[in-house]
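Counting from 1, one number per residue, gives the positions in the sequence shown under the working numbering.
In this text, a Cβ means the ideal position worked out from N, Cα and C, and glycines have one as well.
Everything below concerns the one structure shown next.
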Amino acid sequence: MICPVCNLDMIVIEHKDIELDYCIQCRGVWFDANELELFCEKSGIQAGGNKIIDLPLYYSKEKKYKCPRCREPMDKIIVGEKKEVVIDRCKKGDGLWFDKGELEQVVEQSIPQTDENTEKILSFIREIF
Numbered sequence: 001m002i003c004p005v006c007n008l009d010m011i012v013i014e015h016k017d018i019e020l021d022y023c024i025q026c027r028g029v030w031f032d033a034n035e036l037e038l039f040c041e042k043s044g045i046q047a048g049g050n051k052i053i054d055l056p057l058y059y060s061k062e063k064k065y066k067c068p069r070c071r072e073p074m075d076k077i078i079v080g081e082k083k084e085v086v087i088d089r090c091k092k093g094d095g096l097w098f099d100k101g102e103l104e105q106v107v108e109q110s111i112p113q114t115d116e117n118t119e120k121i122l123s124f125i126r127e128i129f
């Protein structure tokens, strides 16, 4: 799969039986449809009330990346309540793109700070993504 930012081949990282596409150049990560929910579930992260696929569009002048699956320009959406994070979502529902650091920000907001797995999960994300 080709990175939507660098246009280089991405590598596949497997985590808890989930194959994620990762760019070693820009450190972005691609989640195919429903993989983010599966990643959260298997990592013990409580997903927020709204599904990311249902979130409204964010209109920005930022460059629109092409979906690595269908190659169509992706939409920008805002996730996160405490701190807004702009991520990219395929219009056709093929998946989600997180630039370097965005996944950590979104997950950090989704985990209750009293959760005993918080630091373990965030350390894993920081190390890999």
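- Membership of Leu38 in any beta strand (DSSP E) is not indicated; the residue belongs instead to the alpha helix (DSSP H) covering 35–43.
- Its Cα nearest to that of Ile78, the residue Gln105 stands out among Lys66, Gln105, Cys67, Pro68.
- Per DSSP, Glu72 lies in no alpha helix (DSSP H) and is assigned neither H nor E.
- Distance between Lys63 and Val86, taken at the CA atoms: about 12 angstroms.
- As a beta-bridge residue in DSSP terms, Tyr22 pairs with Ile11, Val29.
- DSSP, reduced to helix, strand and coil, places Lys66 within a strand of the structure shown.
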